[in-house]
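Following the numbering used here, the numbering of the sequence shown begins with 4 at its first residue and continues without gaps.
Just so you know, even glycine gets a beta-carbon here, dropped at the ideal spot from N, CA and C.
What follows is one structure encoded as structure tokens, with my remarks underneath.
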Amino acid sequence: MASSSTINPFETAKAQVDIVADLIGLDGGLRDTLKAPKRELTVHFPVRMDSGDYRIYTGYRVQYNMARGPTKGGIRYHPQVTLDEVRALAAWMTWKCAVVDIPYGGAKGGVVCDPKHMSHGELERLTRRYASEIAPIIGPEMDIPAPDVYTDSQTMAWIMDTYSMQKGYSVPGVVTGKPISLGGSEGRGEATGRGCAYVIREAARDLGVRVKGGTVAVQGFGNAGSVASRLLYDEQGAKIVALSDSKGGIYKADGLNPHAVEEHKTKTGSVVGFPGAKAISNEEVLEAKVDVLVPAALENQITKKNADKIQAKIVAEAANGPTVPEADTILFQKKIAVLPDVLANAGGVTVSYFEWAQDIQGYFWELDEVNSRLERVMVRSYNDVHKVALDRKVNNRTAAYVLAIQRVVDAMQIRGIYP
Ligand code: NAD
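Following this line, the structure appears as structure tokens:
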């Protein structure tokens, strides 16, 4: 990972607010409110380990801004979780929900732990106790957690059960990303990759970039990357020429079939070694001569070291934070259109919103309905961002932040300051 990973992410998040505040002429009071998390909870709690000993864990839940509605954001289990990281992630969730105009504020949670070295039982006990500790501030009308790094639908099922046990009745709307059997939504698993494929289609049409018969490289063939590859191939007729995962990359000039690559990955654990493809490095995937590049793995992948070598016409950020700020400027100067993470991967939170809406109504939608509503949200959001970018002559990332922060400011101003 690049050195920028050592930068305090909350300082970055506040600096981003300042840039937009200057652009839209926000005064000191509003600006400061946007840089301060509304509510933060730190909890220290004991968990019984398999050995019989107890260990104390620390967890956080930050509700950054709730001017537009209940707060929404994932829970991360990681040894390096810090309060400032959770604050930054909660700020970014606030902007992401506002970009796609879903009626949520932003939140994030985290527990400092090493889930790779914990048993299933230890993880269950940790999750249930953390859920109890944050129960006073979560709920379908207040704050709705979801999975993030090293948490999944099982984690959400435990949180839903713990919260429901405390209430005395089932509350499926307290979390999203649940298994379908507990009130999860059809289409949630594919939503991030699908939303990304829709915004690529819209941007390509505006920019005159060919997707049908055009070439695509995808870094990270996981959930988001594999779905985006498959949909660009199946529904838009793109040629997927380069793919990678943590073990390396593969290249085939006349195109890879992502379904076959997926089967190979299921059998062998990696895309590497796919028959008929040439082995390439991850750097080569990023620098491939393609029409569309989809970074779908980690943060800080496009830096000032390699930005000049990027040859794609469109970079669609399925991953969170794959482009560092200095690289953004270089890509903008090279006239490469970056579809920023807060837009390109917002399909996930959008279908999470649909899941919550279905849960609180107790009425569930067919997959077709989920997908067509997702398409409408993504197309509308792309157009909103594109219009701000053209009007203000700024890159898409700045445009998305301007749009989002302006929407949050509008809600704050019309509500006024209490009392
Ligand atoms: P995942 O774990 O399913 O997939 C990640 C993939 O990246 C894996 O194939 C892994 O092998 C690969 N990878 C790891 N290190 C790599 C490296 N150095 N080079 C190339 N590939 C590498 O995760 P995911 O859910 O697909 O998430 C990927 C990104 O998308 C993350 O940044 C995540 O925050 C973001 N995202 C995901 C969702 C979602 O709903 N899944 C929503 C919003 C954002």
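Option in the options with minimal Cα separation from residue i
i: F335; options: V345, N399 and V388; result: N399
i: V214; options: T179, D237, Q409 and R418; result: D237
i: V354; options: L377, I333, M163 and D311; result: L377
i: I141; options: D394, R42 and P106; result: R42
i: V297; options: V380, I253 and S232; result: S232
i: T306; options: P328, A299 and N285; result: P328
i: R395; options: G176, I183, Q361 and V23; result: V23
i: K119; options: Y421, P82, G190 and L301; result: P82
i: G211; options: D294, A93 and I59; result: D294
i: V84; options: E125, N11, P143 and A101; result: N11
i: L342; options: E369, F357, V102 and C116; result: V102
i: G124; options: A16, W161 and D311; result: W161
i: E302; options: E320, R410, K250 and K338; result: E320
i: D87; options: R34, K38 and F277; result: K38
i: G196; options: A291, E369 and A347; result: A347
i: D209; options: E372, I317, Y63 and V397; result: I317
Exposure label - residue i; buried when at least 16 CB within 10 Å
i: Y172; result: exposed
i: T158; result: buried
i: T45; result: exposed
i: E266; result: exposed
i: V230; result: buried
i: T332; result: exposed
i: Q416; result: exposed
i: T269; result: exposed
Assigned secondary structure, residue i (DSSP; H/G/I helix, E/B strand, else coil)
i: D405; result: The residue you asked about is not Asp; residue 405 is Val in the sequence shown. Three-state result, V405: helix.
i: T36; result: helix
i: I420; result: coil
i: Q66; result: strand
i: E43; result: strand
i: R410; result: helix
i: V244; result: strand
i: A110; result: strand
i: V174; result: coil
i: F48; result: strand
i: Y236; result: helix
i: G142; result: strand
i: M415; result: helix
i: I59; result: strand
i: T271; result: helix
Run of the alpha helix (DSSP H) containing residue i, from where it starts to where it stops
i: V202; result: A194 to L210
i: T165; result: S156 to K170
i: K99; result: L86 to V102
i: F224; result: Neither: F224 is in no alpha helix (DSSP H) and is coded neither H nor E.
i: F13; result: P12 to I27
i: I137; result: H123 to I137
i: I351; result: A small fix is needed here, since residue 351 is Gly in this sequence, not Ile. From DSSP, the alpha helix (DSSP H) with G351 extends over G350 to Q364.
i: K390; result: L370 to R395
Supposed contact pair residue j and residue i - C-beta distance, whole angstroms, cut 8 angstroms
i: A402; j: A414; result: In fact, because the Cβ distance is near 19 angstroms, the residues do not count as touching under 8 angstroms.
i: A70; j: G108; result: 6 angstroms
i: G350; j: A110; result: Not quite, the Cβ-Cβ distance comes to about 19 angstroms (not below 8 angstroms), so this is no contact.
i: P40; j: Y67; result: 5 angstroms
i: G190; j: S156; result: About 14 angstroms; that fails the 8 angstroms criterion.
i: A241; j: C199; result: Incorrect: roughly 12 angstroms between the Cβ atoms, too far for contact.
i: G77; j: P106; result: The Cβ separation is near 18 angstroms, so there is no contact.
i: V219; j: I243; result: 5 angstroms
i: V115; j: T61; result: 5 angstroms
i: V178; j: I147; result: 6 angstroms
Delimiting residues of the beta strand (DSSP E) encompassing residue i
i: L301; result: No beta strand (DSSP E) contains L301, which DSSP labels as neither H nor E.
i: K255; result: G251 to L259
i: I283; result: K281 to I283
i: P150; result: D146 to P150
i: K312; result: Taken as a continuous stretch (DSSP letters only), K312 belongs to no beta strand (DSSP E), as it is neither H nor E.
i: A319; result: I317 to A319
i: L342; result: A340 to L342
i: T326; result: Element bounds for T326: n/a, residue is neither H nor E.
i: G77; result: T74 to H81
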